[in-house]
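Just below is one structure, and these are the notes that go with it.
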Ligand SMILES: Nc1ncnc2c1ncn2[C@@H]1O[C@H](COP(=O)(O)OP(=O)(O)O)[C@@H](O)[C@H]1O
Ligand SMILES: Nc1ncnc2c1ncn2[C@@H]1O[C@H](COP(=O)(O)OP(=O)(O)O)[C@@H](O)[C@H]1O
Ligand SMILES: [Mg+2]
Ligand SMILES: [Mg+2]
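Residue numbers (the working numbering), protein chains in the order written: chain U, 3 to 239; chain G, 3 to 239.
Given below as structure tokens:
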């Protein structure tokens, strides 16, 4: 029996024999708007587990470490256990979603340069946007850590933007989570998948990400399958 | 006949013979929640005109320039015309209002150090919180200007906090607007009044500001009169 450490909206985290390693199981649940919209979508867990594994491997190839160790089944992977820094680090290349609403910029407008935003990872507070001063006040991270997060996020953006670009996909924006390992090293964690990225087909502008679910734009699994295939899916990792 | 240049929620701006000077008339209107809550409160215009004049004079004494030239009637003052930078610069010393909601900090908690926030001055967008990257993206201000605004805001906070402290009042937070004069110099503008500050009696914690109106806590004019008197009101400026 796997011992459950935490059940989130999209994943379950289990203990393993090694105290520095946890097992992540990707669920078929889709949620949006801070959990207000919900559905079970068969195949989603498998697709996100596969996609996030391929992306973490790609980052590794480019010298960017993450918590990822290996995929061990259709819906499971082993990762290094970290203490999550309670910030969602968002990188944006093109205006969309809350950025468009906040600034009154039409969706699809290319930004002059990538924007890094920090949101407090706190469902009760509705994951609010926070500034550096806010982060320091609540001690979610130190000034030095904020700089590291921003730098790593931009570095990851450079790698992933050109990677997706080669696959005919515009990486519009994405959300990262980081954590600290036992030695206090800051490591990329959580997932990078169509649940946490906006991915638009460069030719058709078709949305190939969770907005398909948020905005009822068609079949989520078809969209995620498209991403998986372009990433070279089926060669199991 | 005065020629109206702009009518806002709390003030009217009129042309004068001098193209570099405008006349500000303080209205009796009280509004809150981006104009959703409204009332006419006799005496409010006079009180805010008096209070803001006293505060701008106090700042001047301490070497901080503003647009303020002189009070010319109960509800009117002359100010230097500026092009307003479309940012509301908020300084906070104690948690309250939207900061408390955003970060889940109880109202009244002293902050470790003053926090400066920028909100986009845009009623259609609901005056959203913006980060430095957002400001740069929409070109509301340059990086250099943002630094000047932050520095000036903190300097004003130092003067006003100790000034109010001597009057038995805790300056919880306040909102500033800045503009550029004909020479491109950045100047403190708009108003500093109980409409734009949170002012709590140090002894009783009584709110002596617009929260009295926002939260239906009693007579707004009584609260504003208290502030006016403590500032040494009745000696007309
Ligand atoms: N390497 C890791 N070690 C420990 N916790 C992690 C790691 N990677 C991600 N997590 C956390 O595990 C949870 C993943 O489940 P998820 O369904 O995404 O949760 P949530 O609904 O909180 O976002 C998240 O809280 C995430 O921060
Ligand atoms: N010195 C100045 N020159 C030009 N405009 C100013 C000056 N000081 C303030 N303003 C602007 O005049 C208006 C004041 O009216 P107000 O009722 O506060 O308007 P609002 O509802 O837009 O906040 C504001 O838009 C403010 O930015
Ligand atoms: Mg999550
Ligand atoms: Mg105003």
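Backbone N, C-alpha and C define an ideal beta-carbon position, used for all residues, glycine too.
Annotated three-state conformation of residue 14 of chain U is strand, per DSSP. In the structure shown, residue 161 of chain G falls within a helical segment according to DSSP collapsed to helix, strand and coil. The Cβ atoms of residue 55 of chain U and residue 79 of chain U sit closer than 8 angstroms to each other.
Interface flag for residue 119 of chain U against chain G is set, since a Cβ pair is found closer than 8 angstroms. Contact with chain G is found for residue 130 of chain U, since one of that chain's Cβ atoms lies less than 8 angstroms from the residue's Cβ.
Looking only at U:6, U:110, U:134, U:129, the smallest Cα-Cα distance to residue 17 of chain U is reached by U:6. DSSP places residue 201 of chain U within a strand segment (E or B) once states are collapsed to three.
Against chain U, a Cβ distance below 8 angstroms from residue 113 of chain G picks out 139. Taking a beta-carbon distance threshold of 8 angstroms, residue 133 of chain U counts as an interface residue toward chain G.
Residue 32 of chain G places its beta carbon less than 8 angstroms from that of residue 46 of chain G.
If you draw a straight line from the Cα of residue 37 of chain G to the Cα of residue 227 of chain G, it is about 24 angstroms long. Residue nearest to residue 189 of chain U within the set U:112, U:86, U:128, U:219 is U:86 (criterion: CA-CA distance). The alpha carbon of residue 214 of chain G has as its nearest neighbour, out of G:26, G:34, G:22, G:142, the alpha carbon of G:34.
Residue contact check for residue 105 of chain U against chain G: a CB pair falls below 8 angstroms. Taking a cut-off of 8 angstroms for Cβ pairs, the segment 150–159 of chain G and the segment 149–159 of chain U do not touch, as fewer than three such pairs fall below it.
A residue is called buried when at least 16 other Cβ atoms come within 10 angstroms of its Cβ; residue 162 of chain G meets this threshold and is buried. At a beta-carbon threshold of 8 angstroms, the residues of chain G lying near residue 124 of chain U are 106, ordered along the chain. By the C-beta density criterion, residue 155 of chain G is buried, having at least 16 other C-beta atoms within 10 angstroms. The segment 63–120 of chain U is shown to contain whole alpha helix (DSSP H) runs of 4 or more residues at 99–105, in chain order.
Among the residues facing chain U, residue 127 of chain G is included, as its CB has a counterpart in that chain under 8 angstroms away. Look at residue 10 of chain G: its beta carbon is less than 7 angstroms from one of the heavy atoms in ligand 4. Contact between the segment 123–136 of chain U and the segment 67–77 of chain U is absent: fewer than three C-beta pairs spanning the two stretches fall below 8 angstroms. For residue 221 of chain G, no beta strand (DSSP E) encloses it, and the DSSP letter there is neither H nor E. A Cβ-Cβ distance of about 13 angstroms is found for the pair residue 107 of chain U and residue 135 of chain G, leaving them out of contact under the 8 angstroms criterion. Using a Cβ-Cβ cut-off of 8 angstroms, residue 136 of chain G counts as an interface residue toward chain U, since at least one Cβ of chain U sits closer than that to its own. Shortest gap from the CB of residue 192 of chain G to any heavy atom of ligand 4: under 7 angstroms. For residue 188 of chain G, the enclosing beta strand (DSSP E) begins and ends at 188–191.
As DSSP reads the structure, residue 231 of chain U sits in no beta bridge. Judged by DSSP in its simplified three-state form, residue 148 of chain U adopts helix. Boundaries of the alpha helix (DSSP H) around residue 138 of chain G: 134–139. Per the C-alpha coordinates, the member of U:180, U:231, U:229, U:169 positioned closest to residue 92 of chain U is U:180. With a 10 Å radius around the Cβ and a threshold of 16 neighbouring Cβ atoms, residue 175 of chain G comes out buried. No heavy atom of ligand 2 is found nearer than 7 angstroms to the CB of residue 147 of chain G. A check of alpha carbon separations from residue 157 of chain G across G:66, G:27, G:11, G:187 identifies G:66 as the nearest.
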